[in-house]
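In terms of my numbering, the sequence shown opens at residue 1 and continues consecutively.
Single-structure report; data block below.
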Amino acid sequence: MVDFSHTILLNSLLKRQKPELMGLLPALVTGLGIDIWLFLLHNLVQPEQLLIKLVWLTFGLTVIGLGTAIYLHANFAPIPVDRLMLIIQDLTEMNTLYLKTSIYLFFLVLALTFNGPIGIGTLLTVCFGEPILNYFMLLIGSLFNKKQSIRK
């Protein structure tokens, strides 16, 4: 699992409150889910052609964007990187598209600086993952607001 301790500490300092450790729960569940998925399906799904790889990447980015938007709107213990985005959004009133892309670009520069493993999937995720998330944040937000207005 990724070491989130620095991000948790930064979030705590920015919000001037105790560190939020509940954000580790969704990160742990996500990590376990990915590991189990890879263990069970590593032999079944192995696309060879570039077009099929791009289709699977697009599908994955779409599902991740939708799932992230749903769990962020549910406001249940976002992972530390997502909490950082929400804190900066509260402080600056910037759009999630620009914020998360900036955060991911920062981490990409760190990975480049320290010779981290960066592939085409990483670059495509930085470029397209956040516009997809932004689309679903707006969509889920409007659906959530409609449901709230109906209840009133």
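Backbone N, C-alpha and C fix where the C-beta goes; we use that ideal spot for every residue, glycine too.
Remember, predicted model here, so these are calculated numbers, not experimental data.
* To do: Since I believe Arg83 is in contact with Gly23 (beta carbons under 8 Å), could you give me their beta-carbon distance rounded to a whole number of angstroms?
  => Indeed, because the Cβ distance is near 6 Å, the residues count as touching under 8 Å.
Note to self: Let me make sure I understand the geometry here. Which of His42, Pro78, Arg16 has the alpha-carbon closest to that of Val29?
What the structure shows: Answer by Cα proximity: Pro78.
Margin query: Measuring alpha carbon to alpha carbon, tell me which residue in Gly141, Leu61, Val81, Thr113 is nearest Leu159.
Written below: The requested residue 159 does not occur in the structure, where the chain is confined to residues 1 to 152.
Exercise for review: Could you check what DSSP says for Gly129 in three-state terms: helix, strand or coil?
Suggested key: When secondary structure is reduced to three states using DSSP, Gly129 falls in the helix class.
Provide the residue span of the alpha helix (DSSP H) that contains Leu105, from first to last. That run of the alpha helix (DSSP H) goes 96 to 113.
> Buried or exposed: where does Asn134 fall if 16 or more other Cβ atoms within 10 Å of its Cβ makes it buried?
Replying inline: Buried is the call here.
In three-state terms, what does DSSP make of Ala74?
In the structure shown, Ala74 sits in a helix (DSSP, three-state: H, G or I).
His42 by DSSP, collapsed to three states: which one? In the three-state reduction of the DSSP assignment, His42 falls in the coil class, being assigned neither a helical nor a strand state.
**Prompt:** Can you list, in chain order, the residues of its chain whose CB lies under 7 Å from that of Leu25, leaving out five sequence neighbours each side?
**Reply:** If the five residues before and after Leu25 are omitted, its C-beta is found closer than 7 Å to the C-beta atoms of Ala77, all from its own chain and listed in chain order.
- [ ] Compare the beta carbon distance of Leu66 and Phe144 with 9 Å and say whether it is the shorter of the two.
- [x] Cβ distance not < 9 Å, so Leu66 and Phe144 don't count as in contact.
* Expected contact under 8 Å - CB spacing of Leu61 and Ile132 to nearest Å -> Right, the Cβ-Cβ distance comes to about 5 Å (below 8 Å), so this counts as a contact.
Can you say whether Thr101 is buried or exposed, counting buried as having 16 or more other CB atoms within 10 angstroms of its CB?
-> For Thr101, the number of other beta carbons within 10 angstroms of its own is at least 16, and it is reported as buried.
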